[in-house]
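Colleague: Top to bottom, those sequences are chains A and B. Residue numbering for the first sequence is 1 to 487, as defined by the working numbering. Residue numbering for the second sequence is 1001 to 1168, as defined by the working numbering. Ideal placement from N, C-alpha and C gives every residue a C-beta, glycine not left out.
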Amino acid sequence: MAFELENASDRENLRRVAIDPVSRVEGHGKVTLLLDEAGHIREARLHIVEFRGFEVFIQGRPYWEVPVMVQRLCGICPVSHHLAAAKALDRVVGAVPVTATADKLRRLMHYGQILQSHALHFFHLSSPDLLFGFDSEVARRNIVGVAEAYPEVARQGVLIRKFGQEAIRATAGKRIHGTGAVPGGVNRHLDRADRDALLAEADTIVAWSLAAVELVRRLHEANRALYENFGTVPSGLLSLVRADGAMDLYDGHLRLRDAQGVILADHIPDQDYLQLLTEEVKPWSYMKFPYVTHLGPEAGWYKVGPLARVQNCAFIPSPLAEAERQAFLAAQPGGVSHAPLVTHWARMIEMLHAAEVIRALLPDPDLVAGERMVEGSRSGQGVGIIEAPRGTLIHHYQVGEDDLVSWCNLIVSTTHNNQAMNSAIRAVARDYLDGQTLTEGLLNHIEVAIRAFDPCLSCATHALGQMPLAVELVDVAGELLDRRVRG
Amino acid sequence: MTSLVVLAVGNDARGDDALGPLLMARLDALDPPGVARVLDFQLQVEHALDLDGVALALFVDAHCRQAAPVALAPIQAEPTTGASHALSPAQVLGVGRRIGRAMPEAWLMSLAGADFSLGQGLSPVGQASLEAGWRCLQALLANPTGEAWRALAQGLGELAGVVDTLGS
C-alpha cells in the first residue's frame, strides 16, 4: 500500500481532486487525488511545501546566534529547535557532557514543551467531533458521549498548557524567543520563586494528565474498530531511547524497530545518524523522504512521534506513565500498533510522563545552583537530536574557524513522517473514497489521517486571510466541475 | 484591573509576518501605563487567559489578503475548529467563554502584508502598513474605549472605500 498509489500510469486520462490547503491555518499542505472514470483512486499524494530555505536561513550566521534564531523556523515547537541546536553546538565548543545543572534545566524546558504541546491535543479532545470530523453519526455519537463524561477537559487542557509554558518561561527566560540554552550549557538558573510556583501546581497537573489518558483510552474503546484500522499501514518505528532502552525525549541513541517490533538497529550514536538514514528526493514533492539506508526506500521508511516512541522504548521511567504504557500495549491487537488514530492515546501517555518528569525534577538543587557552562576542545561540526513533540528532530551543523556556520542539515519530524503520512492517506483513500461520490465528509477523512500525525505545516506563516479549505474537482480537460470551501 | 491588553502576533523572521512584533516593539518603547502587552508567534488557547478580566482587547496581526494598509474591526467569539496549530482572535474569545472566563470587548487591527518568506525583511507594502498601523494604534491608545474605537473603525472603513473608488 505504501507505494501502490504513489504514481498513476496514465495520468492524462484521470480526474484530479485537490485539497488545498489541507487546513485553514496550518500552512501550505495539499493533497491531490487522481481518479479514473469509475471513481477509483489511482493516485494519492500529500505535498508539503514549507520546508525550504531553512539551511539558507542559517548558513553564514555565527554559531552562537543559532539556538536563538532557529526558534523562528517554527512557531509551534520553537523550544525543540532551540534545544536541538544547542545540543549540536555543544559538540562544536567541546561541551560534552554539559554540566548537571545545564542538563537538568534543559530537560525541564524540554518536558515543559512536550507537556504544553500535547496539552493542546487534550483540549481538542473535548470536542472530538471537531477533531475527528467524521460524517458518521455512529462514530460521532460514541465519541461525544465519552467526552461529555469529562466536562472539565477544555479548562484543564488550557491550564496544563499554561503550566508547560511557565516551565519554558522560567528556564528560557522569556515566553518566546528564549535564550536559556547556549552552546556549552545554560545562561541562567531556575529562580526559586518560579520553582515553588511550579511545584505548587505539579501534583494537579499530574492528576489531570492521568485523567487525560483515561479519557483517550475510553474514546478508543468506544470505537475500537475505527481506531485500529483507519489509515493503518505497517512500517518501522524510530526514536531516541536512553542507554538502557528507557524513553528519553531529550537525549539518547537511535533505535529502530521493524513493523513487528523487532529491534533492527540500536545504540546508534546521534553523531552517526547519516550512517543510518538517507533522504530521498522525489520529483513531485519539495519535502524529502528519509529511509533507513540499508533497507532501501521501499522497505526502510518509518514513523516517528508518540506512537513510535511509546512502542520503541523498553519502558517509561516514570511509574504512572509506564503503567499506562503497559495497558496501552496490552490493548494492541498483534502486539504493535501502526494506526494513526492510536497516536492520540500514545500522546496522552507522553503528556503524563512529561508531567511526572517535571514534578520529579523541580526539587532538584542543581536547578537553582551549580556550574552552568563547560567548554573543551573545539570541533568543526556537531549533531543534536531531540524528540520534539511530533517526533525526532535532527540538527547538524558545520562551523568554520571564523565561527560562522558553513553548512547545516535539519530533518524535522514532519519530514521523517512524510512517507508515513502519504501511506496513511493512500490507505484512507482506498478504504473510504474509492468508487464513492466524493463528499466533503469523505474528503475530511484525509485530513483526519494527516492530523493524527500532527505535521508541523505551521512552519509557514500564519497570517490572517489565508485561504480556507478548498476542494476542487476538475475533469480531464482541466475544467472546474465543482468547488467546495470550508472556512 | 488592566484596562487594555494588546496581543500582537507574528514571526519577525518571516517578512511581513513581522508587522505584529514590530508594532509591539514600538509599543514597548512607548510603555503606556495600564496597557498589558502580549507577543507570540501565533494565537493559542492559553491566550484566553490573557484576556480574563480585561475591559478591552486589541489583537494585532499581519493579513495576507487585505488591500488597505490597516483595517480595524470588532470581533465576536467563535468556536474552535479541529485545527490544532493556531487560533483566530475570534476563536481565542470562544475558548475563553468555553472555559468560563469573562471575555472583554475585543478588536482586531490587521495590517496588510505582501511577502511572508523566511529570512526576508518588510516589503514596501509591509513598511507602509507598519506606519499606518502605528498611527492607528496611537489613536486607539489616546482614547481606549469601545465607542471611540467604533468611530475610528468607521473612519478607516470610509477611507478604504474612497481609496478603492480612486483605484478603480
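#1: For A/ASN187 and B/ALA1142, I'd like the C-alpha separation in whole angstroms.
#2: Restricting to runs no shorter than 3 residues, where is the beta strand (DSSP E) found entirely within the segment 339–396 of chain A?
#3: Considering only C-alpha positions, which residue in the set A/ALA86, A/ARG426, A/GLU440 and A/HIS445 is nearest to A/LEU5?
#4: Measure the Cβ-Cβ separation of A/ALA200 and A/ARG161 and say whether it is below 7 Å.
#5: Under the three-state reduction of DSSP, which class applies to A/ILE268: helix, strand or coil?
#6: Is there at least one Cβ from chain B nearer than 7 Å to A/ARG390's Cβ?
#7: Would DSSP call A/ALA460 helix, strand or coil?
#8: With DSSP as the reference, please indicate the residues paired to A/GLU280 in a beta bridge.
#9: To the nearest angstrom, how far is the alpha carbon of B/LEU1049 from that of B/ARG1101?
#10: Using a C-beta to C-beta distance shorter than 9 Å, which residues of chain B count as neighbours of A/GLY53?
#11: Can you tell me where the beta strand (DSSP E) holding A/SER423 begins and where it ends?
#12: What is the rounded straight-line gap between the Cα of A/GLU387 and the Cα of A/LEU249?
#13: Would you report the Cα separation of B/PRO1124 and B/GLU1131, rounded to the nearest angstrom?
#14: Quick one: list the residues of chain B neighbouring A/GLN165, beta-carbon separation under 8 Å, in chain order.
#15: Name the DSSP bridge partner or partners of B/ALA1073?
#16: In three-state DSSP terms, what is B/VAL1038?
#17: If B/SER1087 and B/VAL1045 are in contact, beta carbons under 8 Å, what's the gap, nearest whole angstrom?
#18: From the beta carbon of B/ILE1099, is the nearest beta carbon of chain A less than 7 Å away?
#19: Alpha carbon to alpha carbon, how far is A/ARG175 from A/TRP345?
#20: Taking the Cβ atom as the reference point for each residue, do A/ARG91 and A/GLY382 lie within a distance shorter than 7 Å?
#21: Thinking C-alpha only, which one of A/VAL412, A/GLN271, A/ARG192 and A/GLY180 is nearest A/PRO363?
#22: Return the Cβ separation of B/ALA1153 and B/LEU1072 in integer angstroms, given the expectation that the two are a contact with Cβ distance under 8 Å.
#23: Between A/MET373 and the rest of its own chain, which residues show a CB-CB distance below 6 Å, the 5 nearest in sequence each way excluded?
#24: Excluding the five sequence neighbours on either side, which residues of its own chain have a C-beta within less than 6 Å of the C-beta of A/THR343, listed in chain order?
#25: Tell me, to the nearest whole angstrom, how far the beta carbon of A/PHE122 is from that of A/GLY157; I am working on the premise that it is less than 8 Å.
#26: Does DSSP put A/GLY27 in a helix, a strand or coil?
#27: Quick check on A/ALA172 - is its C-beta less than 7 Å from some C-beta in chain B?
#28: Check distances from the C-beta atoms of the segment 78–89 of chain A to those of chain B and list, in chain order, the residues that come in under 8 Å.
#29: Work out the CA separation of A/GLU214 and A/VAL153 for me, nearest whole Å.
#30: So A/ALA8 packs on A/GLU37, CB below 8 Å; how close in whole Å?
#31: Is the distance from the Cβ of A/HIS304 to the Cβ of A/ASN417 below 7 Å?
#32: Go through its chain and collect everything with a Cβ distance to A/SER209's Cβ below 6 Å, but skip five positions before and after it.
#33: If you draw a straight line from the alpha carbon of A/GLY334 to that of A/ARG347, how long is it in whole angstroms?
#34: Closer than 9 Å, Cβ to any Cβ of chain A: which residues of the segment 1029–1046 of chain B, in chain order?
#35: Mind checking if B/VAL1143 is an interface residue toward chain A, Cβ cutoff 7 Å exclusive?
#36: At least one CB of chain A closer than 7 Å to the CB of B/VAL1005: is that the case?
Modeller: Reading from the atomic positions:
#1: Start at 1 with the first residue of the first sequence, and residue 187 of chain A comes out as number 187. Start at 1 with the first residue of the second sequence, and residue 1142 of chain B comes out as number 142. Taking the straight line from one Cα to the other gives about 40 Å.
#2: Runs of the beta strand (DSSP E) inside the segment 339–396 of chain A: 381–388.
#3: On the first sequence, residue 5 of chain A is found 5 positions in, with the first residue counted as 1. Nearest C-alpha to A/LEU5: A/ARG426.
#4: The residue labelled residue 200 of chain A in the question sits at position 200 within the first sequence. The residue labelled residue 161 of chain A in the question sits at position 161 within the first sequence. No.
#5: What you label residue 268 of chain A is simply residue 268 of the first sequence in a count that begins at 1. In this structure, DSSP gives A/ILE268 an extended state, which the three-state scheme calls strand.
#6: As a working mapping, residue 390 of chain A is identified with position 390 in the first sequence. False, the Cβ-Cβ gap to chain B never drops below 7 Å.
#7: On the first sequence, position 460 is the one that residue 460 of chain A refers to. Note that A/ALA460 has pLDDT 36, beneath the 50 cutoff, so the model's placement of it is unreliable and the number below is only indicative. Coil.
#8: Locating residue 280 of chain A in the first sequence gives position 280, counting from the first residue. Answer is A/PHE289.
#9: To locate residue 1049 of chain B, count along the second sequence from 1; it is residue 49. To locate residue 1101 of chain B, count along the second sequence from 1; it is residue 101. Approximately 8 Å, taken between the alpha carbons.
#10: Along the first sequence, one-based indexing puts residue 53 of chain A at 53. Against chain B, the beta carbon of A/GLY53 has neighbours under 9 Å at SER1117, LEU1118 and GLY1119, listed in chain order.
#11: As a first step, residue 423 of chain A must be located in the first sequence, where it is residue number 423. A/SER423 -> not in any beta strand (DSSP E); alpha helix (DSSP H) instead, spanning 418–428.
#12: Numbered from its first residue, the first sequence carries residue 387 of chain A at position 387. Numbered from its first residue, the first sequence carries residue 249 of chain A at position 249. Straight-line Cα distance between these residues: approximately 5 Å.
#13: Sequence index remark: in the second sequence, residue 1124 of chain B carries index 124 (1-based). Sequence index remark: in the second sequence, residue 1131 of chain B carries index 131 (1-based). Roughly 11 Å between the two C-alpha positions.
#14: If you number the first sequence from 1, residue 165 of chain A lands on position 165. Chain order gives the chain B residues near A/GLN165 as GLU1046, where near means a beta carbon separation below 8 Å.
#15: In the second sequence, the residue the question calls residue 1073 of chain B occupies position 73. In DSSP, B/ALA1073 forms a bridge with B/LEU1108.
#16: Mapped onto the second sequence, residue 1038 of chain B falls at position 38. It is a strand residue.
#17: Here residue 1087 of chain B refers to the residue found at position 87 of the second sequence. Here residue 1045 of chain B refers to the residue found at position 45 of the second sequence. One point to set straight first is that residue 1087 of chain B is Leu, not Ser, in the sequence displayed. For a cut-off of 8 Å, the C-beta gap from B/LEU1087 to B/VAL1045 is around 7 Å, short enough to register as a contact.
#18: In the second sequence, counting from the first residue as 1, residue 1099 of chain B sits at position 99. Judged by the 7 Å Cβ criterion, B/ILE1099 is in contact with chain A.
#19: Position 175 of the first sequence, counting from 1, holds the residue named residue 175 of chain A. Position 345 of the first sequence, counting from 1, holds the residue named residue 345 of chain A. For A/ARG175 and A/TRP345, the distance between alpha carbons rounds to 28 Å.
#20: Locating residue 91 of chain A in the first sequence gives position 91, where the first residue counts as 1. Locating residue 382 of chain A in the first sequence gives position 382, where the first residue counts as 1. Yes.
#21: Here residue 363 of chain A is taken as the residue at index 363 of the first sequence, counted from 1. With distances taken between Cα atoms, A/PRO363 lies closest to A/ARG192.
#22: Counting from one through the second sequence, the residue named residue 1153 of chain B turns up at place 153. Counting from one through the second sequence, the residue named residue 1072 of chain B turns up at place 72. B/ALA1153 to B/LEU1072, Cβ: 4 Å. Contact.
#23: Taking the first sequence and counting its residues from 1, the one referred to as residue 373 of chain A is at position 373. Here the set comprises GLY184 and GLY185.
#24: Walking along the first sequence from the start, residue 343 of chain A turns up at place 343. Hits under 6 Å: PRO306, LEU307 and ALA452.
#25: Here residue 122 of chain A is taken as the residue at index 122 of the first sequence, counted from 1. Here residue 157 of chain A is taken as the residue at index 157 of the first sequence, counted from 1. Contact between A/PHE122 and A/GLY157 holds: their C-beta atoms lie close to 4 Å from each other, under 8 Å.
#26: Taking the first residue of the first sequence as position 1, residue 27 of chain A is located at position 27. Residue placement at A/GLY27 is flagged as unreliable, the pLDDT there being 47, under the threshold of 50; the coordinate-derived value follows with that caveat. Three-state DSSP puts A/GLY27 in coil, outside helix and strand.
#27: Residue 172 of chain A sits at position 172 when you count from the first residue of the first sequence. Taking Cβ atoms only, chain B never reaches closer than 7 Å to A/ALA172, which makes this a no.
#28: Answer set for the segment 78–89 of chain A: PRO78.
#29: On the first sequence, position 153 is the one that residue 153 of chain A refers to. On the first sequence, position 214 is the one that residue 214 of chain A refers to. Taking the straight line from one Cα to the other gives about 12 Å.
#30: As a working note, residue 8 of chain A is residue 8 in the first sequence. As a working note, residue 37 of chain A is residue 37 in the first sequence. The beta-carbon distance between A/ALA8 and A/GLU37, rounded to whole angstroms, is 13 Å. This is too long to meet the 8 Å contact definition.
#31: In the first sequence, residue 304 of chain A corresponds to position 304, counting from 1. In the first sequence, residue 417 of chain A corresponds to position 417, counting from 1. Checking the sequence, you will find Val at residue 304 of chain A rather than His. In contact: A/VAL304 and A/ASN417 (Cβ atoms closer than 7 Å).
#32: Along the first sequence, one-based indexing puts residue 209 of chain A at 209. Cβ within range, chain order: MET351, LEU352 and ALA355.
#33: By 1-based counting over the first sequence, the position of residue 334 of chain A is 334. By 1-based counting over the first sequence, the position of residue 347 of chain A is 347. Spanning the two alpha carbons is a distance of roughly 20 Å.
#34: The residues in question are VAL1038, LEU1039, ASP1040, PHE1041, GLN1042, LEU1043, GLN1044, VAL1045 and GLU1046.
#35: The residue given as residue 1143 of chain B occupies position 143 in the second sequence. Here residue 1143 of chain B is Asn; the residue named in the question, Val, does not match the sequence. So no, B/ASN1143 is outside the interface.
#36: Here residue 1005 of chain B corresponds to residue number 5 of the second sequence, with the count starting at 1. Using a CB distance cut-off of 7 Å, B/VAL1005 does not count as an interface residue toward chain A.
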